[in-house]
Structure formats: structure tokens, C-alpha cells
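Sequential numbering of the sequence shown, starting at 1, is according to full-length UniProt numbering.
In what follows, a single structure is set out as C-alpha cells and then discussed.
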Amino acid sequence: MNKKRITSIDVARCAGVSPSAVSRTYSAPGKVSQATRSRVLAAANELGYRPNALARALVNSGRHGSGIVAVVMGEFDNPFQPWLFGLLTQALQQHGLVPMLVSVTEQCDIRARLQQAQSWQVEAAIISAGSLSREATGRCLELSLPMVLMGREDQRETVTAVLSDNRLAGELAADHLISLGLTRLAYIGGRQDGQASLERLAGFRQRLAHHGLPEPVVTDNPDYAYHSGYHAMCRLRQQHPLVEGVFCACDALAFGALDALRLTDGPACKVVGCDDTPQAAWEGYRLTTVRQPVELLVEQVMRHLQRVLSGEAQKGETVRITPTLIVR
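As C-alpha cells, then:
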């Protein structure tokens with residue numbers, strides 16, 4: 001049987017007070033007498049009433065802020081993104097803030113999505129720009145909101161950005177493959193306008209050149225998804241069958257590459273990923289990968305978000321976190 005939702009009017013009737021007295025008990029307790037407050041709280045407890053936090057946030061947003069933080073994110077077929085969203089959600093809630101997911105795809109009207117989010121009196125935004133195109137990120141930067149970027153720098157240097165040292169990630173992957181005695185190497189990249197993918201390739205190339213090795217074979221993809229890694233590795237097997245080692249721009253691409261290797265003929269080929277998502281440790285993969293210290297990334301995002309929420313001017317600084325190699 002469906003239970004009727006208890007409202008403030010029900011509480012007012014039970015307590016024998018006006019609905020406005022119930023409202024003031026929760027929104028402005030100093031404006032009601034102790035006796036009235038006690039009666040209201042007792043009635044609320046008896047009925048199982050809980051005040052509508054969203055409604056109060058919207059009413060009070062001009063004075064105290066709604067506490068709602070939009071998390072703008074795309075590419076949920078890359079396991080790094082839901083993992084990151086889970087950690088951001090936990091961190092926001094621990095700080096008494098309310099996360100609102102704004103899911104963005106290549107096909108959606110991002111301007112409409114952002115306007116919809118703003119209609120809920122969003123107080124700030126965290127932009128997972130590594131999962132968005134450059135154009136979509138630009139749309140986000142047009143918002144009149146305090147914000148922090150993740151995974152991509154603000155070229156205008158007006159918004160703080162937090163990201164991994166992606167060039168170092170590429171260098172670590174190259175050094176590992178070279179240490180195994182491999183010389184014919186390839187790179188499976190993500191979206192062509194992705195800052196992380198381009199910087200990881202730059203670091204990878206730099207280390208190969210430092211060791212006097214030839215340029216890597218490079219395959220670009222429209223995204224960072226498993227199926228893109230799978231098809232990229234199939235193409236490599238057909239067009240460059242002597243490749244001995246592959247660095248992938250993210251773990252999802254690497255998972256696809258590993259599964260393609262299992263189903264195609266050819267010499268042994270080592271695969272290195274980037275992210276160290278939880279799936280990288282699964283027995284079916286045991287993926288050697290460059291770990292993004294995602295907990296530190298989230299910690300830095302929250303630190304800078306608190307600064308902008310407190311009214312500090314944004315300096316447009318870029319915070320880079322050092323990655324590490326995880327060998328499995």
C-alpha cells in the first residue's frame with residue numbers, strides 16, 4: 001500500500017500551529033518560540049516528516065547558496081568516468097554539498113543541458129573536461145558559475161584546472177616497454193582533440209627519441225571506449241604485424257586491445273594502459289598501467305572548489321598530479 005507523503009501542512013495540523021510556523025522552525029529557528037519549536041519537532045518526529053531540502057535550497061539560494069554542484073561529464077563507456085564520478089560524489093557529500101550529474105554526449109544539445117542544470121540554482125560546477133570535446137568544454141566555460149576543470153587546461157587561464165602530468169605518463173610507459181627489450185612500439189590514442197591523449201603521446205614519443213628508437217605507430221580513435229581499442233589493435237595486427245608493444249591512452253582502450261590480441265594471430269605483444277581503474281587488477285586482465293592518482297585529483301578539485309565557493313578570485317592556475325607505473 002502506498003503511503004501518503006507527509007507535508008508541512010500535516011505537521012502544522014498535528015502541532016496545532018500555522019504552516020508558516022513549521023517553515024520558520026526549519027528555515028529560521030530563531031524566529032519561533034522554544035515552545036512552538038518543540039511542538040513542531042515533536043509532531044514532525046511522530047509523523048516521520050522530513051523537510052524538503054531542495055525546496056529550502058532554492059528559496060535560500062540568493063543568501064546562502066543552494067549547495068548544489070553540477071558535475072559535467074561524458075564518455076561513461078570509459079570506466080574511468082563512472083569511477084571518478086563516484087569519488088567526486090563521495091567528496092562533495094562529505095563537504096555537505098549535493099552533486100548533480102550533467103551527462104553530455106556528442107549528440108546532445110550541451111547548451112540546453114547546461115541551462116537546465118542552471119535552472120536548479122546550481123552553485124558551482126566541476127567539469128570533467130577530459131571526457132568532453134574541446135567545443136563542449138568551451139560551452140561549459142561560458143557558464144556564469146564558479147568552476148574547476150579536470151583533465152584539460154583552460155587556455156584563457158581564467159579557471160583552475162586539475163589534471164595528471166600526462167607527458168610523464170607517456171614517458172613512464174615508454175621506459176617500461178623499452179626496459180623489456182621492445183623496440184617496435186605503437187600508441188593507441190583517444191579523441192584527437194583530447195589534451196590527455198595528445199600529451200601522453202608526446203611524452204611517449206620523447207622517450208623513444210631519447211633512446212634512439214623509431215617513431216611509434218599511432219592510431220587515433222574518436223573516443224576512449226573499449227571497442228575502439230579492440231578495433232585499433234585489429235588494425236595494428238593487420239597493418240603492422242611486427243609491433244611488439246603498445247601504449248594505450250586509457251585502460252578501456254587497453255582492455256579492448258588485450259581482447260583483440262587473444263583473438264588474432266601474431267607474435268607476442270605487450271600492452272600498457274593508463275589510469276589504473278579498478279578493472280585493471282581483474283584476473284582476466286592484470287594490466288600494467290600508468291596510475292592516475294585519482295584520489296589526489298579529487299582532493300585537489302575539492303580544495304579549489306571550496307576556494308571559489310568562498311568567494312576567492314579564480315587565478316586560472318593549472319595543478320598537475322604525478323602519475324606512477326603499476327606493473328602487473
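In this text, a Cβ means the ideal position worked out from N, Cα and C, and glycines have one as well.
Smallest Cα separation from residue i: which of the options?
i, options, result
"M73", "Q192, S33, V218, R139", "R139"
"G48", "R5, V327, S164, E75", "R5"
"H304", "N45, A91, S38", "A91"
"P19", "S8, H210, P29", "S8"
"C108", "N166, L201, E135", "E135"
"N78", "G311, L168, T277", "T277"
"A249", "H227, E199, E295", "E199"
"E317", "K31, R24, T158", "T158"
"L325", "Q206, A202, L168, G189", "L168"
"A268", "P323, Q292, L180, G190", "L180"
"E312", "A260, L208, M233, V148", "V148"
"R113", "R24, Y224, L143", "L143"
"D165", "S133, G203, G189, H176", "G203"
"D275", "R262, Q81, H210, L258", "Q81"
"P174", "H210, P146, T160", "Per the sequence shown, residue 174 should be read as Ala rather than Pro. Taking only the C-alpha atoms, the option nearest A174 is H210."
"A232", "A260, S103, Y285", "A260"
"D223", "L87, G170, S197", "S197"
"L145", "A225, S103, L263, T160", "T160"
"Q115", "V290, P29, L141, E283", "L141"
"K315", "D154, G190, A21", "D154"
"Y226", "E75, R291, E283, G30", "E75"
"Y285", "R291, R262, R50", "R262"
"R50", "Q34, Y26, G30", "Y26"
"residue 339", "V22, V290, Q34", "The question about residue 339 has no answer, for the chain in this structure spans 1 to 328."
"E106", "T137, P29, A21", "T137"
"R307", "N221, H95, R156, R111", "H95"
My guess is that residue i and residue j are in contact by the Cβ rule of under 8 Å, so how many angstroms apart are they, rounded?
i, j, result
"L273", "L287", "Correcting the residue identity first, residue 273 is Gly in this sequence and not Leu. At roughly 5 Å, the Cβ-Cβ gap stays under 8 Å, so G273 and L287 are in contact."
"W97", "G130", "This sequence places Leu at residue 97; Trp is not what is there. About 22 Å; that fails the 8 Å criterion."
"residue 342", "Q195", "Summary: the structure shown does not reach residue 342, with the chain confined to residues 1 through 328, and so no result is reported for it."
"L172", "P323", "7 Å"
"R87", "V104", "Reading off the sequence, residue 87 comes out as Leu, not Arg. That pair is no contact at about 19 Å."
"V32", "R24", "5 Å"
Using a Cβ-Cβ cutoff of less than 7 Å, which residues in the same chain neighbour residue i once the five nearest sequence positions on both sides are dropped?
i, result
"L182", "E244, G245, K270"
"R13", "none"
"V17", "T36, R39, V40"
"L84", "S128, V294"
"G229", "I188, C248, A252, L253, A254, F255, G256, A257"
"Q34", "none"
"A220", "One detail in the question is off: residue 220 reads as Asp in this sequence, not Ala. Closer than 7 Å at Cβ, skipping near neighbours: G189, Q192."
"Q206", "E171"
"I110", "V104, A136, R139"
"E46", "C14"
Which same chain residues, not among the five before or five after residue i, have their C-beta less than 6 Å away from its C-beta?
i, result
"V162", "M150, L297, Q300, V301, V319"
"R63", "In this prediction, R63 has a pLDDT of 44, which is less than 50 and means its spatial position is unreliable; what the coordinates show is noted afterwards. Correct list: empty, nothing qualifies."
"residue 333", "Look at the range of the chain in this structure, 1 to 328, and you will see that residue 333 is not part of it."
"Q279", "P79"
"Y187", "L201, F204, P216, V218, F247"
"A15", "R39, V40, A43"
"A281", "none"
"V102", "A70, V72, R113, A117"
"L22", "This sequence places Val at residue 22; Leu is not what is there. Excluding residues within five positions, the ones whose Cβ falls inside 6 Å are S8, V11, A12, V40."
Excluding sequence positions up to five away, which residues of its chain have a Cβ less than 8 Å from the Cβ of residue i?
i, result
"V69", "L92, L97, V98, P99, M100, V122, E123, A124, A125, I126, L305"
"T89", "V71, P99"
"H176", "V272, T288, L325, V327"
"L208", "A174, I178, L185, P214, E215, P216"
"I321", "V162, L163, S164, D165, Q292, P293, L296, L297, Q300"
"L309", "G65, E123, A124, P146"
"I264", "Checking the sequence, you will find Thr at residue 264 rather than Ile. Same-chain partners within the cutoff: M233, C234, R237."
"R156", "L141, G316"
"P29", "R37"
Using a Cβ-based criterion (distance less than 7 Å to any ligand heavy atom), does residue i qualify as near the ligand NAD?
i, result
"V294", "The ligand NAD is not part of this structure, which contains no ligands at all."
Original post:
Within the chosen definition, does the segment 205-214 reach the segment 230-241 through at least 3 CB pairs nearer than 8 Å?
Top reply: no
Subject >> Contact the segment 37-45 vs the segment 105-120: 3+ CB pairs below 8 Å >> reply: no
**OP:** Please list the segments of the beta strand (DSSP E) lying wholly inside the segment 82-123, counting only runs of 3 or more residues, in order along the chain.
**Re:** Fully enclosed beta strand (DSSP E) runs of 3 or longer: 98-104.
Subject >> Unbroken stretches of the beta strand (DSSP E), 3 residues or longer, contained in the segment 260-285 >> reply: 270-275
**OP:** Just list the beta strand (DSSP E) runs in the segment 208-257, keeping only unbroken ones of 3 residues or longer that don't cross its boundaries, in chain order.
**Re:** Whole beta strand (DSSP E) segments, 3+ residues: 217-219, 245-248.
**OP:** At 4 residues or longer, and completely inside the segment 140-213: list those alpha helix (DSSP H) runs for me, N to C.
**Re:** 166-179, 195-210
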